[in-house]
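*Asks:* Take a look at the following structure, please.
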Amino acid sequence: MMRSDVEYSPVGEGLGMRDYWLYACLRKVAVVGAHGVSLGFTVLVAVLSRPGTSLFSWHPLCMSLAFCLCMTEGILLFSAEGSPFCFKSRKGKIRMHWILQALMLLAAATGLGFMVASKNVSSRPHLASWHSVLGVATLAATSLQASCGVCLLFPKILGIASVPRLRLYHATCGLVAYLLATITVMAAMFTDWFQATVKGVAWYGFLLLPLFPALVVMNQVTNAFLPKKKLTT
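Numbering (my numbering) for the sequence shown: 87 to 319.
Printed below as a string of structure tokens:
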């Protein structure tokens with residue numbers, strides 16, 4: 087078990103035993119629900135996109151696999167409530183985190199490639215919507231996060247002086263990148279393809295679905311990495 091160098095904020099402190107039990111149960115239900123929503127949303131997008139019918143059809147599938155599934159699971163595996171990897175040591179969780187984030191980058195790069203190819207074949211302009219602009223920003227942010235993660239893996243080789251501070255920055259900026267990815271996914275609901283595919287009440291359901299895992303992830307990161315006192319080097 088790796089020793090944590092970050093002072094974590096107390097969660098549920100000051101609650102009575104009965105209230106804390108209810109609080110812990112609600113957190114567990116929320117985390118399990120976030121797992122279900124991230125997987126279910128990805129499956130629904132895969133069904134709607136009908137991969138193989140066109141070059142573009144692979145783009146929604148790859149991006150949902152990248153950001154709705156791999157990126158979400160790569161963060162939730164550090165949760166103590168409802169994570170399928172809760173039995174693993176922190177070192178094992180870090181290894182799984184890296185595997186999932188590497189798969190995320192691979193799926194995102196593949197989705198980007200299909201999108202560029204589809205635009206070139208149809209002679210349509212690139213970066214012509216807010217969704218595409220936000221998508222490029224999300225890819226840039228996640229790539230920077232991966233670079234920061236490499237620094238955390240090899241701090242001595244790279245001469246990192248303050249690992250706790252870098253870990254805090256990695257978690258905080260990772261949360262920003264995840265929320266940016268969530269906004270990008272929601273922006274996809276306003277594209278011509280999605281609005282032609284999903285209509286009525288179902289469209290509003292799809293629009294709200296990505297918010298639930300985002301709230302759970304935001305709660306997890308802020309509770310785990312909000313320091314009680316100034317970090318030392």
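Beta carbons are placed, not taken as given, at the ideal position from N, Cα and C, and that holds for glycine.
1) Rounded C-beta distance between S150 and F127? I'm assuming under 8 Å.
2) May I ask you to report which of helix, strand or coil DSSP gives P137?
3) Please list, in chain order, all residues of the same chain as Q187 whose beta carbon is under 6 Å from its beta carbon, the five residues on each side excluded.
4) Ignore the nearest five residues each way along the sequence and tell me which others in S135's own chain have a CB closer than 7 Å to its CB.
5) Rounding to the nearest angstrom, what Cα-Cα distance links V271 and N309 in this structure?
6) Would A194 pass as a contact of L162 if the rule is Cβ separation under 8 Å?
7) Quick one: any contact between the segment 199-215 and the segment 258-271, if contact means 3 or more CB pairs under 8 Å?
8) Given a cut-off of 8 Å, decide if L239 and L252 are closer than it, judged by their beta-carbon atoms.
9) May I ask you to check if the CB of S165 is nearer than 7 Å to at least one heavy atom of the ligand MG?
10) Identify whether H212 lies in helix, strand or coil by the three-state DSSP scheme.
11) I'd like to know whether the C-beta atoms of A220 and L266 end up nearer to each other than 8 Å.
12) Do you know how far the Cα of F153 is from the Cα of M182?
13) Here's a check: name, in chain order, each residue in its chain whose Cβ is nearer than 6 Å to the Cβ of T158, leaving out the five neighbours to either side.
14) Alpha carbons only, please: which of L155, A274, K179 and V118 is nearest the one belonging to V129?
15) For a quick check, are the C-beta atoms of A273 and W216 less than 8 Å apart?
16) When you compare each of A288, L198, T268 and L294 to V303 by their alpha carbons, which one comes out closest?
17) Identify every run of the alpha helix (DSSP H) within the segment 223-295, keeping only runs that are complete inside it and at least 4 residues long; order them along the chain.
18) Tell me where the alpha helix (DSSP H) around L301 begins and ends.
19) So, are the CB atoms of A203 and L141 less than 8 Å apart?
*Replies:* With the structure as the only source:
1) Locating residue 150 in the sequence shown gives position 64, where the first residue counts as 1. Locating residue 127 in the sequence shown gives position 41, where the first residue counts as 1. About 7 Å separates the two Cβ atoms, so the contact holds.
2) In the sequence shown, the residue the question calls residue 137 occupies position 51. Coil.
3) Translated into the one-based positions of the sequence shown, residue 187 becomes position 101. Hits under 6 Å: G160.
4) Taking the first residue of the sequence shown as position 1, residue 135 is located at position 49. Within the same chain, Cβ atoms closer than 7 Å to the Cβ of S135 are found at S143, P146 and L147, the five residues on either side in sequence being excluded.
5) In the sequence shown, counting from the first residue as 1, residue 271 sits at position 185. In the sequence shown, counting from the first residue as 1, residue 309 sits at position 223. Roughly 25 Å separates the two Cα atoms.
6) Locating residue 194 in the sequence shown gives position 108, counting from the first residue. Locating residue 162 in the sequence shown gives position 76, counting from the first residue. Between A194 and L162, the CB-CB gap reaches or exceeds 8 Å.
7) No: fewer than three Cβ pairs fall under 8 Å.
8) On the sequence shown, residue 252 is found 166 positions in, with the first residue counted as 1. On the sequence shown, residue 239 is found 153 positions in, with the first residue counted as 1. No; because the gap between Cβ atoms is not below 8 Å, this pair is not in contact.
9) Here there are no bound small molecules, and the ligand MG is not part of this structure.
10) As a position in the sequence shown, residue 212 is number 126, starting the count at 1. Three-state DSSP puts H212 in coil, outside helix and strand.
11) In the sequence shown, residue 220 corresponds to position 134, counting from 1. In the sequence shown, residue 266 corresponds to position 180, counting from 1. Looking at the sequence shown, residue 220 is not Ala but Leu. Yes. Within cutoff.
12) As a first step, residue 182 is located in the sequence shown; it is residue number 96 there, counting from the start. As a first step, residue 153 is located in the sequence shown; it is residue number 67 there, counting from the start. Each residue's CA atom was taken as its position, placing M182 and F153 some 16 Å apart.
13) Position 72 of the sequence shown, counting from 1, holds the residue named residue 158. For T158, where only same-chain residues beyond five positions count, the Cβ hits under 6 Å are S124 and P299.
14) Along the sequence shown, read from residue 1 onward, the residue named residue 129 stands at position 43. When L155, A274, K179 and V118 are compared, the shortest CA-CA separation from V129 is found for L155.
15) One-based indexing of the sequence shown puts residue 273 at position 187. One-based indexing of the sequence shown puts residue 216 at position 130. Cβ distance < 8 Å, so A273 and W216 count as in contact.
16) Taking the sequence shown and counting its residues from 1, one reaches residue 303 at position 217. Residue T268 is the option with its Cα nearest to V303.
17) Here the runs fully enclosed are 241-244, 249-274, 278-283 and 287-294.
18) On the sequence shown, position 215 is the one that residue 301 refers to. Bounds of the alpha helix (DSSP H) holding L301 are L297 to F311.
19) Counting from one through the sequence shown, the residue named residue 203 turns up at place 117. Counting from one through the sequence shown, the residue named residue 141 turns up at place 55. Going by C-beta atoms, A203 is nearer than 8 Å to L141.
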